[in-house]
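Participant: Sharing a structure with you now.
Number of protein chains: 4
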Amino acid sequence: MIAIDINCDMGESFGNYQIGNDQAIFPYITSSNIACGFHGGDPIHMERTIKQALLHQVQIGAHPGFPDLAGFGRRKMDLPPNELKAAVKYQVSAIKGVAESLGAFIRYVKPHGALYNLAAVDESVSNTLVQAIREIDPGLMIMGLAGSLFQEICADQDIRFVAEAFADRQYQADGSLRSRSLPESVLVDLDVVTNQVLEIILQKQVTAYDSTIIPLEAESICIHGDNPAAVKVLEALKSAFEKQGIVKRSFR
Amino acid sequence: MIAIDINCDMGESFGNYQIGNDQAIFPYITSSNIACGFHGGDPIHMERTIKQALLHQVQIGAHPGFPDLAGFGRRKMDLPPNELKAAVKYQVSAIKGVAESLGAFIRYVKPHGALYNLAAVDESVSNTLVQAIREIDPGLMIMGLAGSLFQEICADQDIRFVAEAFADRQYQADGSLRSRSLPESVLVDLDVVTNQVLEIILQKQVTAYDSTIIPLEAESICIHGDNPAAVKVLEALKSAFEKQGIVKRSFR
Amino acid sequence: MIAIDINCDMGESFGNYQIGNDQAIFPYITSSNIACGFHGGDPIHMERTIKQALLHQVQIGAHPGFPDLAGFGRRKMDLPPNELKAAVKYQVSAIKGVAESLGAFIRYVKPHGALYNLAAVDESVSNTLVQAIREIDPGLMIMGLAGSLFQEICADQDIRFVAEAFADRQYQADGSLRSRSLPESVLVDLDVVTNQVLEIILQKQVTAYDSTIIPLEAESICIHGDNPAAVKVLEALKSAFEKQGIVKRSFR
Amino acid sequence: MIAIDINCDMGESFGNYQIGNDQAIFPYITSSNIACGFHGGDPIHMERTIKQALLHQVQIGAHPGFPDLAGFGRRKMDLPPNELKAAVKYQVSAIKGVAESLGAFIRYVKPHGALYNLAAVDESVSNTLVQAIREIDPGLMIMGLAGSLFQEICADQDIRFVAEAFADRQYQADGSLRSRSLPESVLVDLDVVTNQVLEIILQKQVTAYDSTIIPLEAESICIHGDNPAAVKVLEALKSAFEKQGIVKRSFR
Chain A
1 MIAIDINCDM GESFGNYQIG NDQAIFPYIT SSNIACGFHG GDPIHMERTI
51 KQALLHQVQI GAHPGFPDLA GFGRRKMDLP PNELKAAVKY QVSAIKGVAE
101 SLGAFIRYVK PHGALYNLAA VDESVSNTLV QAIREIDPGL MIMGLAGSLF
151 QEICADQDIR FVAEAFADRQ YQADGSLRSR SLPESVLVDL DVVTNQVLEI
201 ILQKQVTAYD STIIPLEAES ICIHGDNPAA VKVLEALKSA FEKQGIVKRS
251 FR
Chain B
1001 MIAIDINCDM GESFGNYQIG NDQAIFPYIT SSNIACGFHG GDPIHMERTI
1051 KQALLHQVQI GAHPGFPDLA GFGRRKMDLP PNELKAAVKY QVSAIKGVAE
1101 SLGAFIRYVK PHGALYNLAA VDESVSNTLV QAIREIDPGL MIMGLAGSLF
1151 QEICADQDIR FVAEAFADRQ YQADGSLRSR SLPESVLVDL DVVTNQVLEI
1201 ILQKQVTAYD STIIPLEAES ICIHGDNPAA VKVLEALKSA FEKQGIVKRS
1251 FR
Chain C
2001 MIAIDINCDM GESFGNYQIG NDQAIFPYIT SSNIACGFHG GDPIHMERTI
2051 KQALLHQVQI GAHPGFPDLA GFGRRKMDLP PNELKAAVKY QVSAIKGVAE
2101 SLGAFIRYVK PHGALYNLAA VDESVSNTLV QAIREIDPGL MIMGLAGSLF
2151 QEICADQDIR FVAEAFADRQ YQADGSLRSR SLPESVLVDL DVVTNQVLEI
2201 ILQKQVTAYD STIIPLEAES ICIHGDNPAA VKVLEALKSA FEKQGIVKRS
2251 FR
Chain D
3001 MIAIDINCDM GESFGNYQIG NDQAIFPYIT SSNIACGFHG GDPIHMERTI
3051 KQALLHQVQI GAHPGFPDLA GFGRRKMDLP PNELKAAVKY QVSAIKGVAE
3101 SLGAFIRYVK PHGALYNLAA VDESVSNTLV QAIREIDPGL MIMGLAGSLF
3151 QEICADQDIR FVAEAFADRQ YQADGSLRSR SLPESVLVDL DVVTNQVLEI
3201 ILQKQVTAYD STIIPLEAES ICIHGDNPAA VKVLEALKSA FEKQGIVKRS
3251 FR
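Residue numbers (my numbering), protein chains in the order written: chain A, 1 to 252; chain B, 1001 to 1252; chain C, 2001 to 2252; chain D, 3001 to 3252.
Shown next as structure tokens:
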């Protein structure tokens, strides 16, 4: 039987501002990357989201980002390594303590947005993240882009790395994600999304924008919760998984 | 031999903005209330301040405040109890995790500014703070105003409360602090400050603005680090303590 | 023929966070209160919203609030009068200049949220707002709660005050709005909303929560754009207005 | 007689956080670049600083920056051109309206920090700034780095550009400033600073870090107010100017 994890960014609402559709998404996922209050999220939404994750028995990961609410953490920022390290340690500590106070546990860390993209290609950022996370809790797993430099660096340092692939993002021939600033970077057709996910799970490959076939091994599939069609995507995947005998299960 | 703790708010600088004179003050104090990033402070200053506290063997407390950098946490904010509780839990968790990653430990929590003042008189705020702190770590002590409602509520709930008094703030006849918005609320004359501190330690009382004598039992004396004369105050206290045989020592 | 203005808070989205449904609402309203970036809104949403107002020939008002994005300007803040005045002047100047650069004009100022509520009852806040607005442009009208102290103070100072009433908020016997923290403070039934609006326009009165009849003269009716039913409310009012021969028209 | 303008960044304090030493610096300068609340400054400090400029008859420029208080506007941010334009228009409008309400006028705009550095080399940023400023007020002058791409672009577009040089920053052979992240980027010796300024004014050149002589024509000399020695630098320049018959005078 083939098992796969489905993860989604959660808890990114801020104050009166709602983003994503967490309540509708929780029943479909097995891992939730919960925002830590820097790129999105705030203390009360963090608590609510952790409680929802507990209720739905969904695994929890810390989802730290750049300190940039206005840019939702999607703008590259030039933080010196010691500031970046401190910012990540602060965020992971905050959610770790809050989760433990509610009887939950943080299992992994997945960087958000521009920090995620930098970690995939920038050795200094990758190393800084690894150090920050280790200093807070050496038992935490790290989630990042399958096939990235980040995966290599974690392997070199004996960190349990969870490789993920994207359901609704177009890949480029070099294995990176097509930038959101370009057209057709986000897949919207349900069949296209479903086929990409099945290709990743069953054939361990993905077809890039220019039709190149890229080998890809992923333990988790990322769904974007701020995509208005997120629930439809999850429904479509559920049906496809049932037909193919694929089971959703958290990674360990 | 009489022993007393000296505490000071530390780590309140933010980004490029420096406030206080932490490096000059650390040698004189026995407890440091370190900002948690909401009313002041940021992750990199938090790390630096914890390292300084370790170096000077100064006890560390979490110093959470309202989420109001522009008002430095000194403006009363109407947060619903569940939001206030979440905000305090987030801040205490953040500094607790960061401190532990550096080999340090948080021993107590002292609320900041308007939150401190509200805790002294508002039952709901007091109870919310107690719950928040207990949920993060029931072993944490709480520091607050000597003789306040906060002290009573902590006593009722079997929380170890550390009563503090102020070196450089004028008291009112009811035992509260004279508001910063009024004239002569902050004591500046070194002799006046020294005499107030000695009166508190040796006679367990303080003389209010209108000359009323107020009984007061304090385990710690608070010095304001953003007072430009802070180091001179600490020097004056050091001399006075030596003459009187008073020893500086952290509370437990 | 009876004419009435319909106003709505607009442009309150921030960065990646969308709030309200501005595009769907613009065709139905005659005045738009555009956020100025403190309680909500940001420069790019401000520009977009001004352009939409121009396109739909909808009158523009500045909508300044407390500097509290996390609380959406709905939490009372104790700003000293000179800071409040400076904050309002800054916000009104910003939107005025941006509007003029796009060929639009700010006609009025309506304070937001907790600032709106304070202005209705607090003489100091009312006066501070009047001074701030006058210093930026003495030709600006002020919009506020019909029958409030703010209306009296503007009358005393010969400021053109536009009295507004609320379509979807329950009134209390003293003419104030029932607090959002209480149940049944927001009207949701379309017939109830429509009847309240017609009662205000045609009978110059409103029926309070306890059935008291309150005399009320309003030149404008406020619709809440963050109410998910806002468009349905506006549709229902459109039909009712047609039946009753009421015309929507901007105040002058 | 040789005349030169001396400019300094002013009004960058935020809430309880003081930066720079504006009161001591105003008597020595002829142009003040006043922060607009994004990288530093806030409404109340903006008002106070404008009043000080009026009192000292010092010319006022808007000093917009990236929306990054934590980084003091010194971190490069990837804002799309329309967002950057909106952010600059918002800031310039805000200070323009506030200044006019106080009987003062904004004469020029000087971008701050990372935005200043980008404008010097990036055509898109330069053009975006020019458009933003023109849309708010085509009569505003622009201040930027002498000899930069920004100067060329302003010349091409018939914008009055005020070329400035730096008193206390080391130049590189290509005419750019040596990065603050490198050693010896900031000049501290008073004689070295004075000689660099005299070289710029009298010989229309500057000697770079590697001893290259760079031709440089500047109408204004920038002093950094957050340099603790700023007043001493200004005193030294005053003496040197008196000896050399150089007069301080605002550009027009």
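Backbone N, C-alpha and C define an ideal beta-carbon position, used for all residues, glycine too.
Name the DSSP beta bridge partners of D1005(B), please?
Facilitator: Answer by DSSP bridge pairing, in chain order: S1220(B).
Participant: Inspect the beta-carbon positions of V125(A) and L118(A) and report whether they are closer than 8 Å.
Facilitator: Taking 8 Å as the Cβ cut-off, V125(A) and L118(A) qualify as a contacting pair.
Participant: Against Y17(A), what residues of chain C qualify as contacts under a CB-to-CB distance less than 7 Å, listed in chain order?
Facilitator: F2014, Y2017 and I2019, listed in chain order.
Participant: Between the segment 1024-1055 of chain B and chain D, which residues of the former have CB atoms less than 7 Å from a CB of the latter, in chain order?
Facilitator: Result list: D1042.
Participant: What would DSSP say about Y1090(B), mapped onto helix, strand or coil?
Facilitator: Note: Y1090(B) maps to helix in three-state DSSP.
Participant: Using a Cβ cut-off of 7 Å, pull out every chain B residue sitting near L3069(D), in sequence order please.
Facilitator: In chain order: G1015.
Participant: Measure the CB-CB distance between I3060(D) and I3034(D) and report whether it falls below 8 Å.
Facilitator: Result yes, Cβ atoms of I3060(D) and I3034(D) sit closer than 8 Å.
Participant: Would A87(A) count as contacting chain B if we go by Cβ distances under 8 Å?
Facilitator: So yes, A87(A) belongs to the interface.
Participant: Given a limit of 7 Å on CB to CB distance, which residues of the segment 2058-2082 of chain C reach chain A?
Facilitator: So the close ones are L2069, A2070, G2071 and F2072.
Participant: Quick one: complete alpha helix (DSSP H) runs, 4+ long, within the segment 2137-2177 of chain C?
Facilitator: DSSP runs (the alpha helix (DSSP H)) wholly in the segment 2137-2177 of chain C: 2149-2156.
Participant: Assign Y1090(B) to one of two classes, buried (16 or more other C-beta atoms within 10 Å of its C-beta) or exposed (fewer than that).
Facilitator: It is buried - the Cβ of Y1090(B) has at least 16 other Cβ atoms within 10 Å.
Participant: For Q1244(B), which of Q1057(B), S1176(B), A1132(B) and N1195(B) has the nearest alpha-carbon?
Facilitator: The candidate whose alpha carbon is nearest that of Q1244(B) is N1195(B).
Participant: Nearest-angstrom Cα distance between A146(A) and Y116(A)?
Facilitator: Those two C-alpha atoms are separated by around 12 Å.
Participant: Could you tell me how far apart the beta carbons of S148(A) and S31(A) are, in whole angstroms, since I believe they sit closer than 8 Å?
Facilitator: About 18 Å separates the two Cβ atoms, so there is no contact after all.
Participant: Beta-carbon within less than 7 Å of I3050(D)'s beta-carbon, same chain only, minus the 5 sequence neighbours each way: which residues are those?
Facilitator: If we look at I3050(D) and ignore the five residues flanking it on each side, its Cβ neighbours are I3034, I3060, V3098, A3099, L3102 and A3104.
Participant: Output yes if chain A places a C-beta closer than 8 Å to the C-beta of S1101(B); else output no.
Facilitator: So, interface residue.
Participant: In this structure, how does DSSP classify S250(A) when only helix, strand and coil are distinguished?
Facilitator: Coil.
Participant: Could you tell me if G1265(B) is buried or exposed, where buried requires 16 or more neighbouring beta carbons within 10 angstroms of its beta carbon?
Facilitator: Residue 1265(B) is absent from the model: chain B starts at 1001 and stops at 1252.
Participant: What in chain A is Cβ-close to K1096(B), meaning under 8 Å?
Facilitator: Going along chain A in sequence order, the residues near K1096(B) (Cβ under 8 Å) are S93 and G97.
Participant: What residues in its chain sit with their C-beta under 8 Å from that of Q3018(D), if we drop five residues either side in the sequence?
Facilitator: None.
Participant: Going along chain A in order, which residues have a C-beta closer than 7 Å to the C-beta of I1136(B)?
Facilitator: Chain A residues near I1136(B): G97 and S101.
Participant: So, using beta-carbon positions, are A218(A) and A165(A) closer together than 8 Å?
Facilitator: Cβ distance < 8 Å, so A218(A) and A165(A) count as in contact.
Participant: Per DSSP, what are the beta-bridge partners of S3032(D) in this structure?
Facilitator: DSSP lists C3008(D) and I3060(D) as partners of S3032(D).
Participant: Per DSSP, what are the beta-bridge partners of Y108(A) in this structure?
Facilitator: Paired residue(s): G61(A) and M141(A).
Participant: Assign L187(A) to one of two classes, buried (16 or more other C-beta atoms within 10 Å of its C-beta) or exposed (fewer than that).
Facilitator: Looking at its Cβ environment, which holds 16 or more other Cβ atoms inside 10 Å, L187(A) is buried.
Participant: For V1206(B), which residues does DSSP report across the bridge?
Facilitator: V1206(B) is bridged to I1214(B).
Participant: Using the three-state DSSP reduction, which class does V188(A) fall into: helix, strand or coil?
Facilitator: The answer is coil: DSSP assigns V188(A) none of H, G, I, E or B.
Participant: Below 7 Å, is the gap between the Cβ of K76(A) and the nearest heavy atom of the ligand ATP?
Facilitator: No copy of the ligand ATP appears in this structure; indeed no ligand is present at all.
Participant: Short of 7 Å in beta carbon distance, which residues of its chain neighbour S93(A), apart from the five on each side in sequence? Order them along the chain.
Facilitator: Around S93(A): I136.
Participant: If we define contact as Cβ-Cβ less than 8 Å, is Y1090(B) a contact residue for chain A?
Facilitator: It does: the Cβ of Y1090(B) has a partner Cβ on chain A nearer than 8 Å.
Participant: Grouping DSSP H, G and I as helix and E and B as strand, with all else coil, what is F66(A)?
Facilitator: The answer is coil: DSSP assigns F66(A) none of H, G, I, E or B.
Participant: Which of the three DSSP states is assigned to F1038(B) in this structure?
Facilitator: F1038(B): coil per DSSP, three-state reduction.
Participant: Which residue from P228(A), S250(A), A62(A) and H112(A) puts its Cα closest to that of M46(A)?
Facilitator: Minimum Cα distance to M46(A) is reached at A62(A).
Participant: Could you give the DSSP three-state label for F3072(D): helix, strand or coil?
Facilitator: Three-state result, F3072(D): coil.
Participant: Given that a residue counts as buried once 16 or more other Cβ atoms are within 10 Å of its Cβ, and exposed if not, what is K2204(C)?
Facilitator: Exposed, because fewer than 16 other Cβ atoms sit within 10 Å of the Cβ of K2204(C).
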